[in-house]
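Asks: Numbering (mature numbering (1 follows the signal peptide of the UniProt record, and there is no 0)), first residue to last: -15 to -1, 1 to 538. Note that beta-carbon positions come from the ideal geometry of N, C-alpha and C, so glycine has one too.
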């Protein structure tokens, strides 16, 4: 028989009485539930409630000493089936928690855990010690989940948005699939014209080849050229059992503004998510994600222009001797069939392509070469590389390219949403965190680095074939690419981090000392975002390929 000493609960120092139970569970938590998150803030895996030994609750529990563990309360009331909780403890829970978390009454939360698909999933997939810690660090999340299940509507700050524009529930949107996940997102969804537009937006079918032009000056002369991207498949071209559909990259799907990190989800996870009638997202499983080129299709054109101009994306000068790379290498050699490539290994689908400017684009992926493609949540991919849109009465979400070097969201848009639509403001910031997180994700980096190896191999071969044209010395094109790519990615990532810091700081200042409950939420989330942004250092190039390039496997 084990003795539980319960935590002192919230303001007023009300203590849980000592209880005894025959349940054979440890009376001391193996990991403290305390140290880094408030009762409703979830951190990302690097500093998080997902590492309970480093998480602590503040605000909800008055921690008079280190033995006060809210997780033990949750375990006793909700997670030990053999225990029938005392009515006095149930009443204490309801008295102290429900005023702040309206859907978290003992009856409703117990019912949700026992009967909802999500609740049963948590009980099935997580050990009790982990689940109690996770619940205690995510009370706002669970309050929202239970509330939706009980039909009580959504809480105001739901950072989920699809497409390139986000509208409030009370606004009139010409395209209902662009709404936030709050309202009747499926209105008009059956419209064939709308369906066609959405398919075009999301890339359901194979995407056509397209051109990327470049132009730059050297020594007073202007040079220009074009790279042609290769057609590639849309999500529907992959079987749902393929690896790509079992590793869908998305932000944590819980509708919580504080969940800035990325996770990998299976096809079934995504299917369950988009089909959940309580969300009414207005999309189907194919619309959820887009086929992703980790190395963007316009990068080779940008690289070429910068080598010709002899400047790095950051504005600095190359340390590589790019003056030894003649512009004619790009304008003449790269645009002419090179018979010497016939017997050199390359990626699938490119063996018979002898024009270097086209052959090298095959390394990014094609309908034939799909090994390095990934599926990325559509709104994150749009922000990473999607086209900007003008600010209109209903479109408060202009999304220029992050990797193009633009601001993630236009100044007028982000300023307007900060003051008028704080939920959408936080959605923008959360999505930008998602882009940074994805680009530095270990699995995504692994796929991206496979592409980089293939690119380096092509440049290496072109340098060898070009050498006889300039007296036998190979141009330093591989070294130039390596230096340029690292500079490019670090420049873009640091600029994005600075943008996040600027707007999170402005948001904190704007909503500081707000007496409104929602304003206080915005203030707290902005403070969290500032901490997260400060922790970000840039692009992770520690495992970037190096040495003499080798043929792709």
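#1: Tell me where the alpha helix (DSSP H) around residue 579 begins and ends.
#2: Could you tell me which residues DSSP pairs with residue 281 in its beta bridges?
#3: In chain order, which continuous runs of the beta strand (DSSP E) of length 3 or greater are located wholly inside the segment 80 to 143?
#4: Grouping DSSP H, G and I as helix and E and B as strand, with all else coil, what is residue 299?
#5: Can you tell me where the beta strand (DSSP E) with residue 468 in it begins and where it stops?
#6: Give the secondary structure of residue 208 by DSSP, where H, G and I count as helix, E and B as strand, and everything else as coil.
#7: If you run the structure through DSSP and keep just helix, strand and coil, what is residue 234?
#8: How many Å lie between residue 256 and residue 340 at the Cα?
#9: Give the single residue among 228, 211, 212 and 239 whose Cα lies nearest to the Cα of residue 123.
#10: Looking only at its own chain, which residues have a Cβ that is under 6 Å from the Cβ of residue 322, when we skip the five neighbours before and after it?
#11: Determine the contact status of residue 293 and residue 208, defining contact as a CB-CB distance below 8 Å.
#12: Would you mind reading off the limits of the beta strand (DSSP E) that contains residue 200?
#13: Express the C-alpha separation of residue 212 and residue 285 in angstroms, rounding to a whole number.
#14: Taking 8 Å as the threshold (C-beta atoms), are residue 415 and residue 242 in contact?
#15: From 298, 352 and 100, pick the residue whose C-alpha is nearest to that of residue 130; which is it?
#16: Do residue 350 and residue 217 have their CB atoms nearer than 8 Å?
#17: Could you compute how far the alpha carbon of residue 310 sits from the alpha carbon of residue 206?
#18: Kindly indicate which three-state DSSP category residue 528 falls into: helix, strand or coil?
#19: Please name the residue, chosen from 511, 519, 467 and 79, that lies closest to residue 304 on a Cα-to-Cα basis.
#20: In angstroms, rounded to a whole number, what distance separates the CA positions of residue 522 and residue 95?
#21: Would you identify the three-state DSSP class for residue 184, choosing helix, strand or coil?
#22: Go through its chain and collect everything with a Cβ distance to residue 312's Cβ below 7 Å, but skip five positions before and after it.
#23: Identify the residues that DSSP records as bridge partners of residue 360: which are they?
#24: Three-state secondary structure (DSSP) at residue 214?
#25: From what residue to what residue does the beta strand (DSSP E) around residue 522 run?
#26: If distances are taken between C-alpha atoms only, which option among 113, 315 and 88 comes closest to residue 61?
#27: Quick test of the definition: if touching needs 3 or more C-beta pairs under 8 Å, does the segment 404 to 414 touch the segment 423 to 438?
#28: To the nearest angstrom, how far is the alpha carbon of residue 496 from that of residue 132?
#29: Report yes if the CB atom of residue 451 is closer than 8 Å to the CB atom of residue 315, and no otherwise.
#30: Can you tell which of 229, 436 and 263 has its C-alpha closest to the C-alpha of residue 251?
#31: Using beta-carbon positions only, say whether residue 128 and residue 87 come within less than 8 Å of one another.
#32: Could you please give the first and the last residue of the uninterrupted alpha helix (DSSP H) stretch that includes residue 61?
#33: When you compare only the Cα positions, how much space is there between residue 139 and residue 296?
#34: Can you tell me whether DSSP reads residue 544 as helix, strand or coil?
#35: Once the 5 residues before and after residue 482 are set aside, which same chain residues still bring their CB inside 6 Å of it?
Replies: According to the structure shown:
#1: It is not possible to answer for residue 579, since the shown part of the chain is limited to -15 through 538.
#2: Residue 281 pairs with nothing; no bridge assigned.
#3: With a minimum length of 3 residues, no continuous beta strand (DSSP E) run stays inside the segment 80 to 143.
#4: Residue 299: coil per DSSP, three-state reduction.
#5: Secondary structure note for residue 468: it is in no beta strand (DSSP E), and the uninterrupted alpha helix (DSSP H) holding it is 462 to 496.
#6: Correct three-state label for residue 208: strand.
#7: It is a strand residue.
#8: Cα-Cα distance, rounded: 42 Å.
#9: Of 228, 211, 212 and 239, the residue nearest in Cα terms is 239.
#10: Within the same chain, residue 322 has close Cβ partners 339 and 340.
#11: Yes, the Cβ-Cβ distance between residue 293 and residue 208 is below 8 Å.
#12: For residue 200, the enclosing beta strand (DSSP E) begins and ends at 195 to 203.
#13: The straight-line gap separating the alpha-carbon atoms of residue 285 and residue 212 is approximately 7 Å.
#14: Taking 8 Å as the cut-off, the beta carbon of residue 242 is found closer than this to the beta carbon of residue 415.
#15: Nearest option by C-alpha distance: 100.
#16: In this structure, residue 217 lies closer than 8 Å to residue 350 by Cβ.
#17: Rounded to the nearest angstrom, the gap between the Cα atoms of residue 310 and residue 206 is 15 Å.
#18: Note: residue 528 maps to coil in three-state DSSP.
#19: Comparing Cα positions, the closest option is 467.
#20: For residue 522 and residue 95, the distance between alpha carbons rounds to 42 Å.
#21: Because the pLDDT at residue 184 is just 34, under 50, the model does not fix this residue reliably, and the value given afterwards should be weighed accordingly. Looking at residue 184 - three-state DSSP - the assignment turns out to be helix.
#22: Around residue 312: 203, 208 and 293.
#23: Paired residues: 233 and 276.
#24: Residue 214 falls in the strand class under three-state DSSP.
#25: Going by DSSP, residue 522 is part of no beta strand (DSSP E) at all; its letter is neither H nor E.
#26: Out of 113, 315 and 88, the CA that lies nearest to the CA of residue 61 is found in 113.
#27: Two segments are said to touch when three or more pairs of C-beta atoms, one from each, lie closer than 8 Å; by this definition the segment 404 to 414 does not touch the segment 423 to 438.
#28: Separation of residue 496 and residue 132 (C-alpha to C-alpha, rounded to the nearest whole angstrom) is 26 Å.
#29: Cβ distance not < 8 Å, so residue 451 and residue 315 don't count as in contact.
#30: Looking at the Cα atoms, 229 is the closest of the given residues.
#31: A contact, by the Cβ cut-off of 8 Å.
#32: For residue 61, no alpha helix (DSSP H) run applies, since DSSP gives it neither H nor E.
#33: In this prediction, residue 139 has a pLDDT of 35, which is less than 50 and means its spatial position is unreliable; what the coordinates show is noted afterwards. Rounded to the nearest angstrom, the two C-alpha atoms are 50 Å apart.
#34: In this structure the chain extends from -15 to 538, so residue 544 is not present and cannot be described.
#35: Excluding sequence neighbours, residue 482 sits near 518 and 521.
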